[in-house]
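Please read the structure below before turning to the comments.
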């Protein structure tokens, strides 16, 4: 079970002396679920220890234990050799263990200085706050966090990358000895992520021990000194950050990665979606929304086409625009669905054209969580189960029980509430709902986000068998290996444009280079099938 | 300083969009527009603008002193992401209790006023405690509190209004209490002076004390506040105690201003107070707001009503105009919130 | 500060000084005369109650007979603070005369006093302020009208029986006066038993709810007195719902005209009677004419407009007559 990866190179780790942190045999059960099955973890002073794992692998639970938010059932924690027991995040804070959660613990309405000193305000004698002193100290802290910002700016006016750095400064203000960063780059642009990596290294150089939770394999070699991989509540291995990514992936998923994917289709049919020089003009532009400009791509019957690009490249936006979701608008250029000009730009038009959309946020936009599975499954096809406007329990029941069987939704009860289903089963309900509309084109945005490996394999199989019936599938994902394994072709986007296209079995590094290229000339060198 | 900082020079550029500046002074902007309109449309008499007559200005600020006081407390509650619908009713309870104690029970000022303030503060604190302890939405708790305070007021007053007569001996209130209805130098209303003093205290409490920070933090990101060691529950209870305190003071001012206490006093004032707070740029979702804005919002509502009335605009149109102003203020806030991009709630 | 203030009120101050030096023959208004135009401010307590609406309509209808007068009506929104502001604004505008129906007496007294002292004649409608600083009062006598209603009720139930009262907004003075008056009126017949008194805040829906419950608790109720017409309408619905039409007599107060008013309800036989609470609009406008146009140096301090009993004997005639 345990696979110690060779190549772990301790000589390179800059840690000094004994371990700063040592966790031994940590166990935690939630009801019948073993979230942690006796995990060991340690951290040296001045090192960045990357913690990798799929969703549900137990890394959040482990860090919850370390930061005092979760009380373990069993196990020992010691810091600098002294056993500790945290009953609350406050306890951990006081011991110098600070967690920077993904949802940053900052108050948007207060300025930076006020945030940094929240709970330990500097005061002048009596009641009055010493704003001048706090701002001066804030400047020093911000400098240490590698950013120079006016400390009187409200946090709400900062970009995400800047907020991340403010959160680090806040941890420094609390005299952090151990800093836990939970997927800090999830919402950052590539440049911001680069900058953050530099700051992280610098902090470590000053003696702070850093646990860096991530699922972005590509950033591991840039920040990490050591990598620990978790799966199914266990520590399954330790690796060097310079180990090949395929090795890490195999560790993460527990079996050779390629086995997850079904074989590709033998042949494809007529085109279902054709875009040529297509741009989208929304009726109400949204700030920070990367609108599609000059996009060219095609999806054929029985074909799965992947859409990749960095965060903010406009993948989600293109899908939303095709579906008219978020904001109505007008397409310019060629947009054909099933060979005819579709006049897309609203949800109604997309539905009439035979497009179905599985969004990247099933809890927010895919499902009504408080409603039963049956209501959710028939939500997009109400007309079909309500003849003359009256709800037909019989028709609804028939449609729902067939959908539950087809998509293997567990539990098999139509009356179960969506909120009580696991992530994978929720995703199956969303699939069932969308496919009941009998689409010819299926848009999938991050279809495997937040589901475990088993459910991922199930979803891949499902998507492939759907496409085998003649459905065209366009799938956007930030996980490149997933696209490479699943798709027949992959289209790369940047700044709202489609920049190039790769065939099956494409090279991950080449796609990445095309995604990150600063301009089109650099990209032109990358692709081998444009 | 660090090498890392140099690699991201764009992070160093402080940004202040003109729109954000607009929202910052949104309430003052509205006030300025209304005052400008007042100057343009003011009727003249003997070659002078009626709107700017010292008497007229005094009338405006007198008319908003009570809702203004309520709005000061309400600002704390709303910034802490709460709401208090009971303020008008607590004003009535305080007003009638003051009248009853002074007139019917022969109490002196030094015993009556502190007791009324204590009752109001306690009433608010209890509402806050119920809402926090039992996790009931503040809207519901204070809606119930509104009913309860009206009921208590009817009990205290024995279903009747109480006229306050001044003098010595039974059935009369101490003459000193009448000062609340007077005008300094014949012009400046004492009730407004009370409002201004409280406003200065409220601005200071919100902006320069640790307590104010905690209120912002509690409303802006409760989890962050809790993690930072802020006693979130206590802060939540305290803001309702503050509205109760403000309501009690407003009730005393009401009783003194009109020499009268009725259990029906202050009916609907809670909505005017909320309107002043919202026009002042405070976010109904909590976490952001301005006390100066609230004061400006209250003055603006008073000035608007005044200028409409001076021009013989019909009462129906006055209500429509007030409604339109509230919606415009809210729309501006949303618009700027989207533009500045910081509107994470 | 004082000087500034005095300067802006120079004219008014002069009037006050003149009247104080014993010039009794001087007219009540300094700006009076047959050729001027006049603005009369009307500080109405609120626009919510049908009775107030009726007063406003009457004033606006009758003012057409006085081409020199312009009425400006302000809504006090059932709030003393608002109504005080209304009067203050009228003072700023320097209206020539004020009509006021105070929402509550005592709170409006200081501002009315100050306006009156500045030389503006004040005619109070329906409710007086608490001192003598006004020109004239026009209104009905709530207590007397309610007492008359009580005597009428006593006469309708010569053999006695159970009686209920639906009071107005508790703590408002007309509600209290009408309650006391009616109680005094029915006391003339000792066989009558008052079994229930509940406030319904002048409101129809509340009257219906409250009276339905009363009929449950006291099935023997023979007559109900309501402090206004709206409450009487609510009581009628409650009686109808309880299938007791004809078994419970209703006496209302206000006697408003129009298709939804009390006169019609009596004419249709739904209520036994209602007592007109007079608006005094005609009387008030007549006083204004005497003060402003005729330059009267004195007018009556008090004009009490008598009530009128509307019952089966006259309701149909009155309702028919007003269809002009």
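Protein chains in written order, with my numbering: chain A, 2 to 531; chain B, -12 to 332; chain C, 490 to 813. C-beta atoms are modelled at their ideal positions from N, C-alpha and C, and glycine is treated no differently.
Boundaries (first-last residue) of the beta strand (DSSP E) holding residue i
i, result
"residue 626/C", "625 to 628"
"residue 215/A", "210 to 215"
"residue 278/A", "272 to 283"
"residue 62/B", "First-last for residue 62/B: 52 to 66, but that is the alpha helix (DSSP H), not the beta strand (DSSP E)."
"residue 42/A", "34 to 44"
"residue 165/B", "No beta strand (DSSP E) contains residue 165/B, which DSSP labels as neither H nor E."
"residue 117/B", "Counting along the chain, residue 117/B falls outside any beta strand (DSSP E), though it belongs to the alpha helix (DSSP H) covering 96 to 120."
"residue 740/C", "738 to 743"
Limits of the alpha helix (DSSP H) - the one that residue i falls within
i, result
"residue 161/A", "161 to 174"
"residue 425/A", "424 to 436"
"residue 266/A", "Element bounds for residue 266/A: n/a, residue is neither H nor E."
"residue 287/B", "278 to 297"
"residue 287/A", "Counting along the chain, residue 287/A falls outside any alpha helix (DSSP H), and DSSP gives it neither H nor E."
"residue 376/A", "374 to 378"
"residue 599/C", "594 to 606"
"residue 135/A", "132 to 145"
Buried/exposed call for residue i, threshold 16 Cβ in 10 Å
i, result
"residue 104/A", "exposed"
"residue 506/A", "exposed"
"residue 97/B", "exposed"
"residue 134/B", "exposed"
"residue 312/B", "buried"
"residue 429/A", "buried"
"residue 278/A", "exposed"
"residue 416/A", "exposed"
"residue 512/C", "Note that residue 512/C has pLDDT 45, beneath the 50 cutoff, so the model's placement of it is unreliable and no number is given."
"residue 304/B", "exposed"
"residue 537/C", "exposed"
"residue 510/C", "Interpretation of residue 510/C is limited by its pLDDT of 43, a score under 50 that renders its predicted location unreliable; the figure taken from the coordinates is listed afterwards. Flag for residue 510/C reads exposed."
"residue 322/B", "exposed"
"residue 760/C", "buried"
"residue 556/C", "exposed"
"residue 56/B", "buried"
When the options are compared against residue i, the one with the closest alpha-carbon
i, options, result
"residue 262/A", "38/A, 97/A, 445/A and 466/A", "466/A"
"residue 257/A", "197/A, 265/A and 248/A", "248/A"
"residue 673/C", "647/C, 793/C, 632/C and 726/C", "632/C"
"residue 354/A", "250/A, 339/A and 360/A", "339/A"
"residue 288/A", "318/A, 112/A, 275/A and 271/A", "318/A"
"residue 130/A", "237/B, 265/B, 200/B and 210/B", "200/B"
"residue 483/A", "471/A, 498/A, 457/A and 468/A", "457/A"
"residue 185/A", "175/A, 199/A and 178/A", "199/A"
"residue 835/C", "529/C, 619/C and 568/C", "With chain C covering 490 to 813 only, the question about residue 835/C has no answer from this structure."
"residue 82/A", "22/A, 389/A and 166/A", "22/A"
Nearest-angstrom beta carbon gap, residue j and residue i [assumed within contact, 8 Å]
i, j, result
"residue 136/B", "residue 80/B", "5 Å"
"residue 681/C", "residue 714/C", "The pair is not a contact, with the Cβ atoms about 11 Å apart (cut-off 8 Å)."
"residue 604/C", "residue 586/C", "10 Å between Cβ atoms; not a contact."
"residue 494/A", "residue 330/A", "Incorrect: roughly 18 Å between the Cβ atoms, too far for contact."
"residue 230/A", "residue 240/A", "7 Å"
"residue 78/A", "residue 24/A", "5 Å"
"residue 112/A", "residue 152/A", "7 Å"
"residue 335/A", "residue 285/A", "Their Cβ separation, rounded to whole angstroms, is 24 Å, which puts residue 335/A and residue 285/A out of contact at 8 Å."
8 Å Cβ cut-off: residues of chain F touching residue i
i, result
"residue 217/B", "The structure shown contains no chain F; the protein chains it does contain are A, B and C."
How about the region 171 to 186 of chain B and the region 110 to 123 of chain A: do they share at least three Cβ pairs that are nearer than 8 Å? no
Would the region 659 to 668 of chain C and the region 724 to 736 of chain C be scored as touching if the rule is three or more Cβ pairs under 8 Å? no
Counting pairs of beta carbons, one from the region 44 to 58 of chain A and one from the region 228 to 242 of chain A, are three or more of them closer than 8 Å? yes
Can at least three beta-carbon pairs, one atom from the region 82 to 96 of chain A and one from the region 263 to 277 of chain A, be found at a separation below 8 Å? no
Using a Cβ distance threshold of 8 Å, determine whether the region 607 to 626 of chain C contacts the region 713 to 728 of chain C, with at least three qualifying pairs required. no
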